[in-house]
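Reading through the structure tokens given below for one structure.
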Amino acid sequence: MILGSVIDSDVNEKRIAISLDTIKKYISNGFSVQLEKDFGKNSNINDSELQKLGAKILTKEEVYKTSDIIIKINCPNETEISSIKEGAILIGSFFPHLNKDKINKLLKKNIKIFSLELLPRITRAQSMDILSSQANLAGYKAVIDSVYE
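Convert by adding 5 to the 1-based position in the sequence shown; the result is the number in the working numbering.
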């Protein structure tokens with residue numbers, strides 16, 4: 006099974022959807038991992054580091070056309086939606102109530118969507134709860150930023 010991730014289309018988005026440790030885990034569990042060229046640029050991770058872990062570096066279009074599972078931060082834009090292969094699985098934070106048209110286009114392509122912000126915030130689901138983890142990181146970042154101002 007091929008797992009892919011791309012640089013987010015929102016230019017203000019600096020997070021990446023897959024970390025170095027996660028790439029290792031996916032590959033050790035039998036997944037092929039492919040990432041868009043310069044995927045880790047905002048996190049000071051170069052393509053050669055990703056390749057050493059076993060990830061393939063491709064164009065955004067190639068990642069979308071060949072990945073069985075796509076992990077993304079935000080909802081794909083119209084161009085990205087047209088590139089995602091039919092029947093793929095899309096995982097990320099898509100806010101379906103704000104992106105109804107995009108979600109419907111994805112569903113028409115038989116793309117299975119897992120919008121992680123909709124996971125319940127309960128103990129059993131805590132390892133997948135993105136809202137708590139992002140709020141925690143935002144708190145740390147606020148403290149760091151306040152020291153430098």
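C-beta: ideal position from N, C-alpha, C; glycine also.
Residue closest to residue i, alpha-carbon to alpha-carbon, out of the options
i, options, result
"Ile116", "Ile74, Val148, Ser98", "Ile74"
"Ser53", "Ser98, Phe100, Val11, Leu25", "Leu25"
"Ile12", "Tyr153, Gly144, Glu91, Asn79", "Asn79"
"Lys61", "Asn47, Ala93, Asp15, Ile28", "Ile28"
"Lys77", "Glu18, Leu112, Ser87", "Glu18"
"Gly97", "Arg20, Met6, Val16", "Arg20"
"Thr71", "Glu83, Lys57, Leu95, Ile50", "Leu95"
"Leu112", "Lys65, Asp15, Ile89, Thr64", "Ile89"
"Gly59", "Lys65, Val38, Ser48", "Val38"
"Leu8", "Asp150, Pro81, Val16, Val68", "Val68"
"Val16", "Leu63, Lys30, Ile23, Asn82", "Asn82"
Proximity test, Cβ basis, 7 Å: residue i and chain D
i, result
"Ile28", "The displayed structure is made up of one protein chain only, and chain D is not part of it."
Residue(s) in a DSSP beta bridge with residue i
i, result
"Glu41", "Leu63"
"Ser120", "Gly97"
"Ser10", "Leu40, Ile76"
Buried or exposed by the 16-neighbour rule on C-beta atoms within 10 Å, applied to residue i
i, result
"Glu85", "buried"
"Ala147", "exposed"
"Leu40", "buried"
"Ser10", "buried"
"Leu103", "exposed"
Secondary structure, beta strand (DSSP E): runs of 3+ residues fully inside the region 41-114
61-63, 74-76, 94-97
The region 29-48 in contact with the region 98-118 per 3-pair CB rule at 8 Å:
no
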